[in-house]
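Numbering (the numbering used here), first residue to last: 1141 to 1425.
No residue lacks a Cβ here, since even glycine has one placed at the ideal position from N, Cα and C.
Contents: one structure, followed by commentary.
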DNA sequence: CGTAGACCCTGCGCGC
DNA sequence: TGCGCGCAGGGTCTAC
């Protein structure tokens, strides 16, 4: 399985759902199985969501934020295997036919339009809860989060400054959400390949010019993935129920032993912080 | 304080 | 062919 919902996938989902959801209204909240990484607060959701109009969809890091009339915000995180699909006109027949018999469907929101917004997550790494919009910034899921990678703040200078006083390798540093959000395992590998920086290189040993390349590597690989519609995943489906679709070409991730597209040398795999890292030992120093 | 590791969970690929 | 094992991993919490 290559990849999972990372920032580009969530952003693509947001864009695809927004025009269909805004203006619709949540008629009923049905929680089929509350068991997730954190239990779904069924009673609160029923109380705060029922009857509310959907005002807009935002994204913060990999969280999808659905703003509702009255100031409540529905927070959805897809974890590794979560999907959010809108059925009715838009869902593929096999999903529509399953109705609520799908054992992995955790929540169904019945909308006034007659459509249903379904959240399913077999591996249960996702999150589904709500809170007042005004409290998001102070909520423990959001309070520590760093900058958005595509908001214009991600520069070499920013990374260089945040690396000061730190010692670890650059790849886990890039994945640290306190520094910059939304850079997961796949895209951190791809960004460092683009930048020509070795994933095990200490952040204390990266010069300003190279930090600039790391920053642009992150920005460019994420922007490219969003443009293409997110990387394809077996488990991922966009808001209209299509499973995966187009895919940006991954240069290193999942390509251990295969030839580097630039130098033809073998891509190598190592483990950092318990996670697979792929890189080209010749092109990345 | 900064970093490393455990944990949550199930589908799937692989080896025997 | 069938089965069992180990890997996949974001985010939060705990341990050092």
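Classify residue i as helix, strand or coil using the three-state DSSP reduction.
{"i": "residue 1174", "result": "coil"}
{"i": "residue 1180", "result": "coil"}
{"i": "residue 1253", "result": "coil"}
{"i": "residue 1152", "result": "helix"}
{"i": "residue 1280", "result": "coil"}
{"i": "residue 1406", "result": "strand"}
{"i": "residue 1268", "result": "strand"}
{"i": "residue 1371", "result": "Summary for residue 1371: the model assigns pLDDT 43, below 50, so the residue's position carries little reliability; its value from the coordinates is reported in the next sentence. Three-state result, residue 1371: coil."}
{"i": "residue 1421", "result": "coil"}
{"i": "residue 1399", "result": "strand"}
{"i": "residue 1394", "result": "coil"}
{"i": "residue 1159", "result": "helix"}
{"i": "residue 1388", "result": "coil"}
{"i": "residue 1297", "result": "helix"}
{"i": "residue 1354", "result": "helix"}
{"i": "residue 1337", "result": "coil"}
{"i": "residue 1146", "result": "coil"}
{"i": "residue 1348", "result": "helix"}
{"i": "residue 1304", "result": "coil"}
According to DSSP, residue i sits in a beta bridge with which residue or residues?
{"i": "residue 1287", "result": "1320"}
{"i": "residue 1416", "result": "1411"}
{"i": "residue 1247", "result": "1171, 1259"}
{"i": "residue 1165", "result": "1193"}
{"i": "residue 1309", "result": "1342"}
Can you say whether residue i is buried or exposed, counting buried as having 16 or more other CB atoms within 10 angstroms of its CB?
{"i": "residue 1284", "result": "exposed"}
{"i": "residue 1297", "result": "exposed"}
{"i": "residue 1433", "result": "No statement about residue 1433 is possible, as the shown extent of the chain runs from 1141 to 1425 and does not include it."}
{"i": "residue 1389", "result": "exposed"}
{"i": "residue 1386", "result": "Only weak support exists for where residue 1386 lies, its pLDDT of 45 falling under 50; the value from the coordinates is given anyway. Classification of residue 1386: exposed, given that the 10 Å Cβ count is below 16."}
{"i": "residue 1413", "result": "exposed"}
{"i": "residue 1179", "result": "exposed"}
{"i": "residue 1145", "result": "buried"}
{"i": "residue 1335", "result": "buried"}
{"i": "residue 1192", "result": "buried"}
{"i": "residue 1369", "result": "buried"}
{"i": "residue 1337", "result": "buried"}
{"i": "residue 1339", "result": "buried"}
{"i": "residue 1430", "result": "The question about residue 1430 has no answer here: the residues shown for the chain are numbered 1141 through 1425."}
{"i": "residue 1141", "result": "With a pLDDT of 36 at residue 1141, under the threshold of 50, the modelled position of this residue cannot be trusted, and the question is left open."}
{"i": "residue 1303", "result": "buried"}
{"i": "residue 1163", "result": "exposed"}
{"i": "residue 1365", "result": "buried"}
Report, in whole angstroms, the separation of the C-beta atoms of residue i and residue j, which I expect to be a contact under 8 Å.
{"i": "residue 1197", "j": "residue 1205", "result": "7 Å"}
{"i": "residue 1271", "j": "residue 1215", "result": "7 Å"}
{"i": "residue 1301", "j": "residue 1343", "result": "Actually they are not in contact, since the Cβ atoms of residue 1301 and residue 1343 sit about 11 Å apart, beyond 8 Å."}
{"i": "residue 1329", "j": "residue 1392", "result": "5 Å"}
{"i": "residue 1286", "j": "residue 1331", "result": "Not quite, the Cβ-Cβ distance comes to about 15 Å (not below 8 Å), so this is no contact."}
{"i": "residue 1219", "j": "residue 1265", "result": "3 Å"}
{"i": "residue 1225", "j": "residue 1262", "result": "Not confirmed; about 14 Å, so no contact."}
{"i": "residue 1320", "j": "residue 1362", "result": "With 8 Å as the limit, residue 1320 and residue 1362 do not qualify as a contact, their Cβ atoms being about 10 Å apart."}
Would the beta-carbon of residue i be found less than 6 Å away from any heavy atom of the ligand FAD?
{"i": "residue 1404", "result": "In the structure on display, the ligand FAD does not appear, and there are no ligands present to speak of."}
What runs of the beta strand (DSSP E), each 3 residues or longer, lie entirely inside the region 1187-1237?
1194-1200, 1203-1208, 1212-1217, 1223-1226
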